[in-house]
Structure formats: structure tokens, C-alpha cells
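Structure, as C-alpha cells:
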Amino acid sequence: MAKKTLSKAYEPQISEGKWYQYWVDHDFFHAEDKSDKKPFSIVIPPPNVTGILHMGHALNNSLQDITIRAKRMQGYNTLWMPGTDHAGIATQNVVEQELAKEGLTRFDLGREKFVERVWQWRTKYGGVIINQLKRLGSSCDWQRERFTMDEGLSKAVREVFVRLYNANLIYQGDYIVNWCPRCHTAISDLEVEYKEEGGFLWNIRYPYKDGTGEIVVATTRPETMLGDTAVAVNPADARYKDVIGKDVILPLVNRVIPIIADDYVTMEFGSGAVKITPSSDPADFAMAERHNLEIVKIMDGNGAITAAGGVYEGQDRYECRKNVVEDLKAGGYLISVEPYSHNVGKCYRCKTDIEPLVSRQWFVKVQPLAKAATAAVVKGNTKIVPPMWEATYYEWMNNIRDWCISRQLWWGHRIPVWYCEGCGKVIVATHDPDHCPGCNGTKLRQDEDVLDTWFSSALWPFSTMGWPEQTEALKTFYPTSVLITAFDIIFFWVARMMMMGLYIMDDVPFKDVYIHALVRDEKGEKMSKSKGNSIDPLEIIDKFGADAFRFTLAALTAQGRDVRISEERIEGYKFFVNKIWNATKFSLMNLEDYAGGAVQANPSDESLPDRWIKSRLNKVIDDVTKGIDEYRYNDAAMSLYQFIWHELCDWYLELSKPVLYGKETPEKKLAAQHSLFVVLKSSLQLLHPFMPFVTEEIWQTLIDDGSSIMVSAFPKPEAQYEDEAAERQMAIVMEVITKIRNIRAEMGLPLAKKLKVVVSAPDEEMTSLIIACKRYILNLANVEKLAFGEVNEEAKNYATGVVGSIRLFVLLEEADVVGEKARLEKEMAKIDKELAVVSKKLENPSFMEKAAPDVIRKEEEKYRQFKEKYAALEEALKRFGITG
RNA sequence: AGGCACGUAGCUCAGGGGGAGAGCGCCAUCCUGACGCGGUGGAUGUCCAGGGUUCAAAUCCCUGCGUGCCUACCA
Numbered sequence: 014m015a016k017k018t019l020s021k022a023y024e025p026q027i028s029e030g031k032w033y034q035y036w037v038d039h040d041f042f043h044a045e046d047k048s049d050k051k052p053f054s055i056v057i058p059p060p061n062v063t064g065i066l067h068m069g070h071a072l073n074n075s076l077q078d079i080t081i082r083a084k085r086m087q088g089y090n091t092l093w094m095p096g097t098d099h100a101g102i103a104t105q106n107v108v109e110q111e112l113a114k115e116g117l118t119r120f121d122l123g124r125e126k127f128v129e130r131v132w133q134w135r136t137k138y139g140g141v142i143i144n145q146l147k148r149l150g151s152s153c154d155w156q157r158e159r160f161t162m163d164e165g166l167s168k169a170v171r172e173v174f175v176r177l178y179n180a181n182l183i184y185q186g187d188y189i190v191n192w193c194p195r196c197h198t199a200i201s202d203l204e205v206e207y208k209e210e211g212g213f214l215w216n217i218r219y220p221y222k223d224g225t226g227e228i229v230v231a232t233t234r235p236e237t238m239l240g241d242t243a244v245a246v247n248p249a250d251a252r253y254k255d256v257i258g259k260d261v262i263l264p265l266v267n268r269v270i271p272i273i274a275d276d277y278v279t280m281e282f283g284s285g286a287v288k289i290t291p292s293s294d295p296a297d298f299a300m301a302e303r304h305n306l307e308i309v310k311i312m313d314g315n316g317a318i319t320a321a322g323g324v325y326e327g328q329d330r331y332e333c334r335k336n337v338v339e340d341l342k343a344g345g346y347l348i349s350v351e352p353y354s355h356n357v358g359k360c361y362r363c364k365t366d367i368e369p370l371v372s373r374q375w376f377v378k379v380q381p382l383a384k385a386a387t388a389a390v391v392k393g394n395t396k397i398v399p400p401m402w403e404a405t406y407y408e409w410m411n412n413i414r415d416w417c418i419s420r421q422l423w424w425g426h427r428i429p430v431w432y433c434e435g436c437g438k439v440i441v442a443t444h445d446p447d448h449c450p451g452c453n454g455t456k457l458r459q460d461e462d463v464l465d466t467w468f469s470s471a472l473w474p475f476s477t478m479g480w481p482e483q484t485e486a487l488k489t490f491y492p493t494s495v496l497i498t499a500f501d502i503i504f505f506w507v508a509r510m511m512m513m514g515l516y517i518m519d520d521v522p523f524k525d526v527y528i529h530a531l532v533r534d535e536k537g538e539k540m541s542k543s544k545g546n547s548i549d550p551l552e553i554i555d556k557f558g559a560d561a562f563r564f565t566l567a568a569l570t571a572q573g574r575d576v577r578i579s580e581e582r583i584e585g586y587k588f589f590v591n592k593i594w595n596a597t598k599f600s601l602m603n604l605e606d607y608a609g610g611a612v613q614a615n616p617s618d619e620s621l622p623d624r625w626i627k628s629r630l631n632k633v634i635d636d637v638t639k640g641i642d643e644y645r646y647n648d649a650a651m652s653l654y655q656f657i658w659h660e661l662c663d664w665y666l667e668l669s670k671p672v673l674y675g676k677e678t679p680e681k682k683l684a685a686q687h688s689l690f691v692v693l694k695s696s697l698q699l700l701h702p703f704m705p706f707v708t709e710e711i712w713q714t715l716i717d718d719g720s721s722i723m724v725s726a727f728p729k730p731e732a733q734y735e736d737e738a739a740e741r742q743m744a745i746v747m748e749v750i751t752k753i754r755n756i757r758a759e760m761g762l763p764l765a766k767k768l769k770v771v772v773s774a775p776d777e778e779m780t781s782l783i784i785a786c787k788r789y790i791l792n793l794a795n796v797e798k799l800a801f802g803e804v805n806e807e808a809k810n811y812a813t814g815v816v817g818s819i820r821l822f823v824l825l826e827e828a829d830v831v832g833e834k835a836r837l838e839k840e841m842a843k844i845d846k847e848l849a850v851v852s853k854k855l856e857n858p859s860f861m862e863k864a865a866p867d868v869i870r871k872e873e874e875k876y877r878q879f880k881e882k883y884a885a886l887e888e889a890l891k892r893f894g895i896t897g
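For any residue, its number in our numbering is found by taking its place in the first sequence, counting from 1, and adding 13.
See the structure below:
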């Protein structure tokens, strides 16, 4: 190799942009629709166009990129499909706020102009999060980037709507829905967040019409009484047996309403009687359906009282509450008020109190779809990892309610339904009709509503690939290999993609679903801007580099757990990046005269460390490959960390220094260089999915043949590297070295002092191993003389160490009887404890009878070794005139 | 109210029926020709509590306590 060097330290700011551009320029991210390679595909959970990258995105996309980069290197035709969703409410809100600054509302612009304005906003700001994903290193196929409002995806939306409608799986009707009075739209059940709030429980008397008394009801929302159309009691409630069917007079309104019986009513709560407001409460609405009750709509889209509310008309719901309470009090109807804590639904977008409201909306009938989606997971066509989330998925699928898909917004996919003004016919079509197929009239009016954003997101796995066209991409990449996402959108997205994929494509959208953790701060709290505890991923990248950041996320992601992240932790992995950098720098210095893989070293020139490190490499390749395949990213990351830092750097490089410095034969040096090169190169490749930038930077210097690490072949375990004997022998040598270092430290011998050591090995095999590895012991334990034999029984100036059946005697400057005695006794006490545990087992007849034979053998071997070690230490102690 | 998860070294967490692990921190030590963003050595644990299953439990089961999350129409 020619003389090559790396700069003093790795500089992420310089490398990251450079190599990302290089990859893009070389089209490495691009997947071919047709290829001989096996396909591997992932669709990105599309972030909102309004979004900016947060920790959750960073984790999610790091894991996807690790998987996709590994698979790409493993020779798959890999597609990572990127894009964003149009985020109906959020985006509309953003643009409305922008307009507000100009003193305008969307109504001033009108629908068409407003939508145009949103598109302008999207063009200008919609790419922000995409660019942030690039900063992370995401290797998405950007040529295929999609947006849920794209022409193609919009076509898919219409097509699906029409199909579902024709299959009677979409219907329109007047039902109670969650209404956000601020966003002015219906939202789905999932988009309501419940928060416990302190409120009051008002107890109100409703007099019987016949004047014979009264019934008491309790409510947390007194204003809704304006819309009451019944009072309900439990049919089994003896207290009210006789009043069922009686009428009461609704106070303030003076409407006559019946007392009905329904199982829904809890006898134990309050008075056991409950007021029924079908227009303002989902449960009451359901009861109204059961009992054919009148529905009096008392609230409008602004949360204000309608004309049906009589004198309260026009009042805001909370203003009205105050007035109603006062009037009830004045009329003598209010019995009591007690503080009461209850759940209040909030709009997940703007946190405004949700108002359950009866209105005309579109719904998807989900039961039939959910059935298939459940079955697919039961059958294992889609595997959820970790399996614990299956329960959550089933639970929701089994209790699913129809999905309200219409939104009273302007930004989104307009519902493909037209009404003929002539004959009133409802036309549902994929293409805008120009005349009514019923009466031929041309006065058609399209439905004003748009679809829930999640409706288009649910189609993402196939709409992004060109459906409804039967594209090559679909044939190659659907179903996708895996969906990687966080648990908080299992219901919103995963479940709905399953339903739509199965219905439309007749196949699951993904073979695996990997559910990862949520990122929290050091204290375990969910990060949020309002709490001020959020860490900006871009700041982290600027500060520590994308590689350190990605590696941290991977290393902390244990399956199913939360990830608590702190800068301290990231810094630790930045040090790891630095370690890799310096190990390479060292390697380059010692590979100057090495011809790469061109010259094969003679196996007989390989040292024990050479054989050992390659055998270890094999294990790490296996760990990393399996770790990524099984979504145990943390195991893969930790295995690499341990191997590179503690085995490669701490041991192998140290052991190889003399050979590399030319202190042995050129043949042996070549063998060491070869091992070093192979292990370093493979390590970089294994690291690449986790740390794409630094590994490319190093590759370009180390390999320097115009190739890129990101499309190099991912390492596979090599049979010829497998060497159990080398691993076993190295373990002994390493332990001998560690033991001598340990004695040095414990006996307070200065590090600079070269030691004299006598080794007593029990047999030929051990003796020759120690002889063969003598130079390693001399170097790494700083020993100047290593002799074989025994020490004199009276010699009190030796410290004794035992490694397996090998005994080590370290010559002390002068007899340190006290220090050595203490040291030996401490170690013996430790062994004694172990020995007690083992012998207790071996003396237990039940154990000997019932335990597995290999366990018994193992325990016996343990016993033998402890005993041997103990005896050796005891003997050493005897030299000091004391017996253990 | 139900469901799920978690409780392991000072901190953050892996592991998971047969010898308690990592990173950080801590203590001591070393400026050895890649790295002080480094090297070497060390200390520390009733593996939440109680019961059960088992030859063997930190690990499996039950109960309790604590923590977090999800779901839910008791007004």
C-alpha cells in the first residue's frame, strides 16, 4: 500500500455532506424495478410535511437505514421508499396562521385560492424534514419520493374510495362524531386525547309531569340539558320501577320527556337516574337509537347554542353552562354541586375540548376489513415484533368502531362524490363527472368534505409504488419486507394499512412489523417542545456527528423499551468513533508496505493472535447479521463495540505491534498485516450500516480503489477463520497477562518496573503454549524474564497467581509477607465461596439424580478447577508459615 | 375500571432456569512510538417484597408494593 494517512481527528462536518452527495451522485440509493437480485423493501412512515425532525424520527429512520444499508450490502435489491404526508389539519392550520398575519382568513381567499396557497407553502417548506433525513444519512431512493397529495396517490385514493363505496364498505349518515369547534371539522375517535380534569357534578331535579314528585339526575355538563330528550334508569332498579314510562318536565325548557329503562345505566352511580342528550353524548346517542328518542341538536359547529336552545341561543357552550346553572338555581332545580374529576376529550391537534356532535359524515365500515387484518397476523402472514404488541393490535381490531373519514377542511383529498342538483342522484366516481348519469343534468355539486389524512396514508405501501397501475415496482416490492415504526401509531396507521392492503392488494402490506421504543429524555419523560426537554437531533448531529448519534440510538434500542437519551451517552459513542479513526490511523501506518489482498500470507506464518482475531471476527459477523435480521440492533451494536474496542484495539493491536514493527520475520509481518487488513476492513463493513459516514471516509483512504463501502459485500463468516483452539489458547494467554498485571497493581509494583516471573505449567501442552506466547507476556505485562520451574518453598519474596492449572510466581523487590498474605487470603475467600456453592450441589443426591448429565459434568469440572486453584493458593500461603 | 410493561452496581440499562453483566461515574495508577475522546488495575449488588414450582429461581407461576404506558360512554 502506498503511504496513506488520516487527519488528526475525524471531522464529521466535512465528511458527512461530501459522502452523502457522493452516494447520491452514484445512484447508490436507487432501487431497480426489475433485477436479478432478491428484493428487500421498506416504506418510510411518512412524516408530516409540516414536521421538523425530532428524536422519534431520528430513531425510526436510523433503524430503517441500518436495516436497508445492511441488506443492500448483502446483495438485495433494496428499496427504501421515502415521502411525506399532507397532514390535513396541521397543514391547513399552519397556512391559516400565515394568512392571519396578513389579516386574512381562508374564507377571504375562497377554497380554490386557499388550496393554491397551501401548495405554495408546501413547495417552499415541505422539503425541510426531507433534508433533515438526509443529514441523518438516510439512504432513501429519493428519485421515488412521494407525497400523499401527488397525482398518482390521489388517483389511488379515489379508486379505493369508489371500490369501498361500491362494496358497501363506505357509507354516509347522521351520527354523533367528535367535533373540534376550533378546527371546524369532525375527527376520528383516535384523534381525541382524553385528559383528566377537575370539574363539577351538578345534581338537578326534574319534576314529574303529574306533579307527584321528581327524579334527580347528575351531570358534568349542565348546559346539555337543553337537548335532553329522556331520563334513563336501570330496569332492575327497584327504586324506579314505578316511574318507568312516566313523563318529566325538563326544567328551563319545559319539554315533556319520558323516563325510559336501559341496562346501560349504572344503579350505583349518583341517584341511579341519568339525563339523556342524544345530540351531545355518544352513549346517549346510542341509547336514542335503541329507544327511538328525539334528537334535539342544541350546539353548532362553533360550540355555540342553536335556536333549539331557546333563550340561550348564540351563547358559547361554557357561557351557557354558567347561565343554565344560575337559572336552575334560581328556579330551585339545583340540588347540589360537588367537585368531580373526569375525563375530557381534547383535539389532538389543537387541544380544544371536543364537542360530540351529530352531523352528516362519511364512514368506513371496518368490521369486515378488521377481520381479515386480524386473521393475517394470527396466521403469521405478518409478524409483529416484539410479539407483545400483537395483543394491542388484536385488542383494537376486536373492538373497532366505524371510521369517520370525512373532514370539514379544504386541504386534502376531496371526497369523490357528486350530487346532481337536478334529480338529487349521488354520483361516486374516480373521474370528475360532467353530467348526471341519471337525468343527464350538468348541474353537479361535489361533496365539500375532504378525507382523513390517514385514509391516504393507509394506502401508502402500494400507492407509492404506482397502484392502481400494475407497475413493475409493485410486482417486485409488494408486500414490503418490514415496516419499522413506533407503537403510538399502531392504530392510526399500521392497522389501517393492514386493512387496506389486504382488501385492495389481497396481500399483507408487510411481512414484518418492527415496533420500536419511544425516545424519552434522561428522566424518562416524553420529549415535547412545551416541556422544553426536547433535544434537537440536528444540534446533536452538529455537535457529535451523525455516526455517533445513530450508533447511540441503535445501542440503546432494546426491544420494547423506552430509549432514554442523554448527551453524555452520545459523547461516549463519539469517543468510539474516534477510537475507530485512530485504530485505522495506526493500521495505515503499519500497512504501508502491504499490497492489500493481492498477496496471500502463508498460514504457517500466522501467529496465535492472528488466528484468534479472525475467529473472533467470525463470531461478530454472525452476531451483527443476526442482530440486524432479528431487529436486535442493540445487540449488534454492542457486539461491535466490544469487539473493536476491547478485542481488536486493546488486545490484537497491542499483541501485533512487535511483528508489525519488524521485530520478527518479514513473513510473519505479512501474515499480521494480512490479518489486520482483513479484520479492519470487515469491521468497517459491519459498522457501515450504523456509521455510514466515518466508515466511508476511512474506506476511501484504506481501500482507495474507487469503490464505495456502501455497496461493498457485507462480510460473511468464513469457515477457514473458525478456530476454537486459537480462542481457547488466547483466553489462557490473556488471562496470564491480566493476572500478572493484577499482581503488579495489587502488590504496588511500579508500572515502569520490569518484572521477573517464574511459570509452573502442569503439562507439555501448557508449557509449549506459554513458551510460544512468551513474547506477548513479556510485552504486555512488562516482564523482563520469564523462567519455568517452581519457586523454593522458603521463598517469601514471590507473589503467586493461578490461571487454570498454571501457576505464576512474580518476584518481588523484597519480601512483602503481609501484602502477599492478604492478597492470597482475599482470593481464597472468593474461591471458597464458589466452592461452597458447587459442592453443595454435588453433595445433593437429587441434583446428581435429576440434573442433566452435561450440567453435572460442568459442575464437577468447576469443582475440580476451583479445588485445584485453591490448593495452589494454599500452598503459596504455606510459604509464609500459615495454612489456609 | 380493565389491559400491558417495568422494578438488576451510585446513574442509565442489557441479560434471563445451573459460576451476577455493559456504559457512564467512582478509586488507584500510567504522560508505553493510533487514540488522555487513551492505557492498566480495582471496589460496589438481600437481581422490589413475600409465597410457590424445580435437584436448581435474578430468570418460570401467584400475591403484594411501586413506576410508566395504553384502552374505556358511569352521567
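A virtual CB, placed ideally from N, CA and C, is assigned to each residue, including glycine. Here the structure is a predicted model, which means the values were calculated and not measured.
Quiz item: With a Cβ-Cβ cutoff of 9 Å, do Ser695 and Ile634 count as a contact?
Solution: yes
Self-check item: Range of the contiguous alpha helix (DSSP H) that encloses Tyr35
Solution: 25-38
Exercise. Could I get the ranges of all uninterrupted beta strand (DSSP E) runs contained in the segment 225-282, with 3 residues as the minimum, in chain order?
Key: 227-232, 243-246, 260-262, 269-274
Quiz item: From what residue to what residue does the beta strand (DSSP E) around Cys433 run?
Solution: 430-433
Quiz item: Which value, in whole angstroms, describes the spacing of the CA atoms of Thr405 and Val746?
Solution: 52 Å
Exercise. State the DSSP-derived secondary structure class of Cys417, mapped to helix, strand or coil.
Key: strand
Quiz item: In terms of alpha-carbon separation, which member of Ala245, Asp260, Ala299 lies closest to Met280?
Solution: Ala245
Practice problem: Could you check what DSSP says for Gly585 in three-state terms: helix, strand or coil? | Solution: helix
Quiz item: First and last residue of the alpha helix (DSSP H) that includes Phe120?
Solution: 119-122
Exercise. State the Cα-Cα distance for the pair Lys222 and Leu347, rounded to the nearest angstrom.
Key: 18 Å
Quiz item: Which residues in the same chain have their Cβ closer than 6 Å to the Cβ of Met917, if we skip the five residues on either side of it in sequence?
Solution: Given that the chain is displayed from residue 14 to residue 897, the structure contains no residue 917 and the question cannot be resolved.
Quiz item: When DSSP labels each residue in this structure, what does Asp525 get in the three-state scheme?
Solution: strand
Quiz item: Skipping 5 residues on each side, what residues in its chain have a beta carbon closer than 6 Å to that of Ile783?
Solution: Val772, Ala774
Quiz item: Pro550: which of Phe53, Leu72, Val56 sits nearest, CA to CA?
Solution: Leu72
Quiz item: Roughly how many angstroms separate the alpha carbons of Asn631 and Ala530, rounded to a whole number?
Solution: 30 Å
Quiz item: With which residues is Met733 paired in a DSSP beta bridge?
Solution: Correcting the residue identity first, residue 733 is Gln in this sequence and not Met. Answer is none; Gln733 lacks a bridge partner.
Quiz prompt | Straight-line gap, Gly116 to Leu122 (C-alpha atoms, nearest Å) | solution = 11 Å
Exercise. Go through its chain and collect everything with a Cβ distance to Ala808's Cβ below 7 Å, but skip five positions before and after it.
Key: Arg892
Exercise. Could you tell me if Asn181 is buried or exposed, where buried requires 16 or more neighbouring beta carbons within 10 angstroms of its beta carbon?
Key: exposed
Practice problem: Confirm, please, whether the CB-CB distance from Val377 to Asp340 is below 9 Å. | Solution: no
Exercise. Within the same chain, show all residues whose beta-carbon is closer than 7 Å to that of His687, passing over the 5 residues directly before and after it, in chain order.
Key: Ala614
Self-check item: Close-in-space but distant-in-sequence residues of the same chain around Leu569 (CB under 6 Å, 5 per side omitted)
Solution: Val576
Self-check item: Cβ contact check for the segment 393-407 and the segment 161-173: 3 or more pairs under 8 Å
Solution: no
Exercise. Helix, strand or coil for Trp467, going by three-state DSSP, please let me know.
Key: helix
Quiz prompt | DSSP-derived helix/strand/coil call for Asn305 | solution = coil
Exercise. Keeping to the same chain, check which residues put their C-beta closer than 6 Å to that of Asn603; ignore five residues upstream and five downstream.
Key: Leu673
Practice problem: Counting only runs of 3+ residues fully inside the segment 285-353, write out the beta strand (DSSP E) ranges in chain order. | Solution: 286-289
Quiz item: In the segment 589-665, which residue ranges form an unbroken alpha helix (DSSP H) of at least 4 residues, counting only runs that do not cross its ends?
Solution: 621-642, 646-654
Practice problem: With DSSP collapsed to three states, give me the class of Val749. | Solution: helix
Self-check item: Gly832, enclosing alpha helix (DSSP H) - first and last residue
Solution: 830-855
Quiz item: Candidates Val439, Lys587, Ala385, Gly435: which alpha carbon is nearest Gly514's?
Solution: Ala385
Practice problem: Just the C-alpha distance for Ile143 and Ala499, rounded to the nearest angstrom, thanks. | Solution: 19 Å
Quiz item: Using the beta-carbon count (16 or more within 10 Å), is Arg130 buried or exposed?
Solution: buried
Exercise. May I have the straight-line CA-CA distance separating Phe505 from Ser201, to the nearest angstrom?
Key: 10 Å
Quiz item: Are three or more beta carbon pairs between the segment 224-240 and the segment 280-289 nearer than 8 Å?
Solution: yes
Quiz item: In the structure shown, what three-state DSSP assignment does Asn90 receive?
Solution: strand
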